[in-house]
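Asks: Before anything else, here's the structure in question.
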Amino acid sequence: MECYLEEENRINTLFEVLEEVTTCKECFLLVPKAAIRILESHSVETEESLQRLFDFTRSVTDDSVKVTLYTLIIKFSRERGVPYYVAKGLLQKYLIERNDLKQLEESFRMGQEVLYYTKFLSREEKITFYFRMALHAKNINKYNECIELCEVGLPLETEDTELKARAYLAMINSFSHQKNYDAVEKHLDIFEKMNNDFVVESVKITRAFTKARKKEFDTAIPLLKKYLDEVSINHKIHIADELLEIYLQLGEFESIAEILEKEEELLPEHPLTPQKYIAMGKFHKYKGYYQLSMGLLDEGIESYAKSLKAFGSVNALEEKDDCMKELLSYHIKLSKSLELKHIMKLKEVYE
Numbered sequence: 050m051e052c053y054l055e056e057e058n059r060i061n062t063l064f065e066v067l068e069e070v071t072t073c074k075e076c077f078l079l080v081p082k083a084a085i086r087i088l089e090s091h092s093v094e095t096e097e098s099l100q101r102l103f104d105f106t107r108s109v110t111d112d113s114v115k116v117t118l119y120t121l122i123i124k125f126s127r128e129r130g131v132p133y134y135v136a137k138g139l140l141q142k143y144l145i146e147r148n149d150l151k152q153l154e155e156s157f158r159m160g161q162e163v164l165y166y167t168k169f170l171s172r173e174e175k176i177t178f179y180f181r182m183a184l185h186a187k188n189i190n191k192y193n194e195c196i197e198l199c200e201v202g203l204p205l206e207t208e209d210t211e212l213k214a215r216a217y218l219a220m221i222n223s224f225s226h227q228k229n230y231d232a233v234e235k236h237l238d239i240f241e242k243m244n245n246d247f248v249v250e251s252v253k254i255t256r257a258f259t260k261a262r263k264k265e266f267d268t269a270i271p272l273l274k275k276y277l278d279e280v281s282i283n284h285k286i287h288i289a290d291e292l293l294e295i296y297l298q299l300g301e302f303e304s305i306a307e308i309l310e311k312e313e314e315l316l317p318e319h320p321l322t323p324q325k326y327i328a329m330g331k332f333h334k335y336k337g338y339y340q341l342s343m344g345l346l347d348e349g350i351e352s353y354a355k356s357l358k359a360f361g362s363v364n365a366l367e368e369k370d371d372c373m374k375e376l377l378s379y380h381i382k383l384s385k386s387l388e389l390k391h392i393m394k395l396k397e398v399y400e
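Under the working numbering, the first residue of the sequence shown carries the number 50, and numbering increases by one thereafter.
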């Protein structure tokens, strides 16, 4: 096959070969060679070969092969001075790479490179890019970037799509993390008018969260307790975390115990997003603190280990460090040293 590739010049035949090697795992190493032969073919214009390879790549099912092909398209387009396909390739490569929850910082930097080429993207591509990047920025605690990206994308999208709603909520949550509650309430008033099923629950939960973060606990707690029983499973873990944080501040350990008893119905069985992993990490951290406070050392360490593991699943380094510092500070405060078995367990999940 490799020798055949070196001798073959007909572009249609080269595409037939490329199709064959992209559907056979044992032949994946030949994918770059086949693609390069297509791009270097003198039988068609550069733009035509790039467009045909780009269209072909979108039909490939294996993401690793897609990334290989988009990388070649980007490299070749740069060398030949065709920024249109640099933009197209970078965007599609970013949309794949961002799904790797362990590499969120790295893939965000890749997305930032697309910002230099947005004038070559269609309106639909710009909408997808700005909103996906806004969500991505929120997931890695880049709140200013989330707000800026969402604000660029919003005027482009006239429909109330779920992607637009999720990006808008990410922007609102970013304002909340910055303690800009006036902006939160202003944008919630706009957000709740969106015609999307996703919006209804999100608005009432976010309003309750805002009350909690403004320390208006007398209003926030009854609302959050009510919503914990009413909302869909997708939101329960976030409400539980908010309540646990409030109760820890207030020292209401009986209320904490009541929430922890519902653990099985609160934790997502198959978390798919960074937010869910971080929410699970917070839940186990709060649980661990409660258990240590109750003198349940082994159980508390186990919960902190689960917290570290959840944060580690999305490479949330800041959250991991805060979790470990909290655990160590607690032991220093009690003038207690960790046992070897506890150190080994924590070391295993921290690394």
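Positions of the beta carbon are idealized from the N, C-alpha and C atoms, including for glycine.
Would you identify the three-state DSSP class for residue 93, choosing helix, strand or coil?
Replies: Reduced to three states, the DSSP call for residue 93 is coil.
Asks: Taking 8 Å as the cut-off, decide whether the C-beta atoms of residue 87 and residue 67 are in contact.
Replies: Cβ distance < 8 Å, so residue 87 and residue 67 count as in contact.
Asks: Comparing C-alpha positions only, which one of 248, 245 and 304 sits nearest to residue 274?
Replies: Among 248, 245 and 304, the Cα nearest to that of residue 274 is on 304.
Asks: Hey, how far is the Cα of residue 26 from the Cα of residue 63?
Replies: This structure cannot settle anything about residue 26, because the visible part of the chain is limited to 50 through 400.
Asks: Taking its Cβ as the centre, do 16 or more other Cβ atoms sit within 10 Å of residue 243, making it buried, or is it exposed?
Replies: Label assigned to residue 243: buried.
Asks: Would you call the region 360–380 and the region 142–158 in contact, with 3 or more CB pairs under 8 Å?
Replies: Counting Cβ pairs under 8 Å, three or more are found: they touch.
Asks: Which word fits residue 306, buried or exposed, when buried means at least 16 other C-beta atoms lie within 10 angstroms of its C-beta?
Replies: When all chains shown are included, residue 306 counts as exposed.
Asks: How big is the Cα-Cα spacing for residue 378 and residue 338?
Replies: Going by the C-alpha atoms only, they are around 11 Å apart.
Asks: For residue 118, which residues from the same chain have a beta carbon less than 6 Å from its beta carbon, with the 5 sequence-adjacent residues on both sides left out?
Replies: Closer than 6 Å at Cβ, skipping near neighbours: 84 and 106.
Asks: Which runs of the alpha helix (DSSP H), 4 residues or longer, sit entirely within the region 273–336?
Replies: Listed in chain order, the complete alpha helix (DSSP H) runs (minimum 4 residues) inside the region 273–336 are 282–299, 302–309 and 312–315.
Asks: Within 10 Å of its beta-carbon, does residue 72 have 16 or more other beta-carbons around it, so buried, or fewer, so exposed?
Replies: Exposed, by the Cβ-count rule.
Asks: Roughly how many angstroms lie between the CA atoms of residue 368 and residue 227, to the nearest whole one?
Replies: About 17 Å.
Asks: Select from 112, 180 and 296 the residue whose C-alpha is nearest the C-alpha of residue 309.
Replies: Considering only alpha carbons, the answer is 296.
Asks: I think residue 357 touches residue 395, with their Cβ atoms under 8 Å apart; what is that distance to the nearest whole Å?
Replies: 7 Å between Cβ atoms; contact.
Asks: Which residues bound the alpha helix (DSSP H) around residue 117?
Replies: First-last of the alpha helix (DSSP H) with residue 117: 112–129.
Asks: Is there a Cβ of chain C sitting closer than 8 Å to that of residue 100, yes or no?
Replies: Within the model displayed, chain C is absent; a lone protein chain is all it includes.
Asks: Does the region 234–254 come within contact of the region 275–287, defined as at least 3 CB pairs closer than 8 Å?
Replies: Yes: the two stretches touch, three or more of their Cβ pairs being nearer than 8 Å.
Asks: Cβ of residue 216 within 8 Å of Cβ of residue 169?
Replies: Not a contact, by the Cβ cut-off of 8 Å.
Asks: By Cβ distance, which residues of its chain are closer than 7 Å to residue 162, with the 5 residues on each side in sequence left out?
Replies: Counting only Cβ-Cβ distances below 7 Å, and skipping sequence neighbours, we find 139.
Asks: DSSP three-state label for residue 216, please.
Replies: Reduced to three states, the DSSP call for residue 216 is helix.
Asks: Could you tell me the distance, in whole angstroms, from the CA atom of residue 375 to the CA atom of residue 355?
Replies: Rounded to whole angstroms, residue 375 to residue 355 spans 14 Å at the Cα level.
Asks: Whole angstroms are fine: how far does the CA of residue 293 sit from the CA of residue 206?
Replies: The alpha-carbon atoms of residue 206 and residue 293 are separated by roughly 37 Å.
Asks: Around the Cβ of residue 192, are there at least 16 other Cβ atoms within 10 angstroms (buried) or fewer (exposed)?
Replies: So residue 192 ends up on the buried side.
Asks: Who are the Cβ neighbours of residue 316 in its own chain at under 8 Å, not counting the five residues just before and after it?
Replies: Result list for residue 316: 286, 329 and 332, in chain order.
Asks: Would you report the Cα separation of residue 199 and residue 178, rounded to the nearest angstrom?
Replies: Whole-angstrom Cα-Cα distance: 10 Å.
Asks: Could you pull the start and end residues of the alpha helix (DSSP H) that residue 167 belongs to?
Replies: Looking at the DSSP string, residue 167 is not in any alpha helix (DSSP H), and its letter there is neither H nor E.
Asks: Taking the straight line between their C-alpha atoms, what separation do you get for residue 233 and residue 172?
Replies: Distance between the alpha carbons of residue 233 and residue 172 is about 28 Å.
Asks: Hey, how far is the Cα of residue 124 from the Cα of residue 95?
Replies: The straight-line gap from Cα to Cα measures roughly 13 Å.
Asks: Measuring alpha carbon to alpha carbon, tell me which residue in 346, 135 and 184 is nearest residue 148.
Replies: The shortest C-alpha separation from residue 148 is found at 184.
Asks: Does the distance from the CB of residue 230 to the CB of residue 254 come in under 8 Å?
Replies: Going by C-beta atoms, residue 230 is not nearer than 8 Å to residue 254.
Asks: The alpha helix (DSSP H) that contains residue 150, what's its start and end?
Replies: Unbroken run through residue 150: none, as it is neither H nor E.
Asks: Do residue 112 and residue 60 have their beta-carbon atoms positioned less than 8 Å apart in this structure?
Replies: For residue 60 and residue 112, no; Cβs fall outside 8 Å.
Asks: Can the beta-carbon of residue 143 be found closer than 8 Å to that of residue 103?
Replies: Cβ distance not < 8 Å, so residue 143 and residue 103 don't count as in contact.
Asks: Please report the straight-line C-alpha distance between residue 129 and residue 115, rounded to a whole angstrom.
Replies: Each residue's Cα considered, the two are about 21 Å apart.
Asks: Please report how far the alpha carbon of residue 79 lies from the alpha carbon of residue 208, in whole angstroms.
Replies: Taking the straight line joining both Cα atoms gives about 43 Å.
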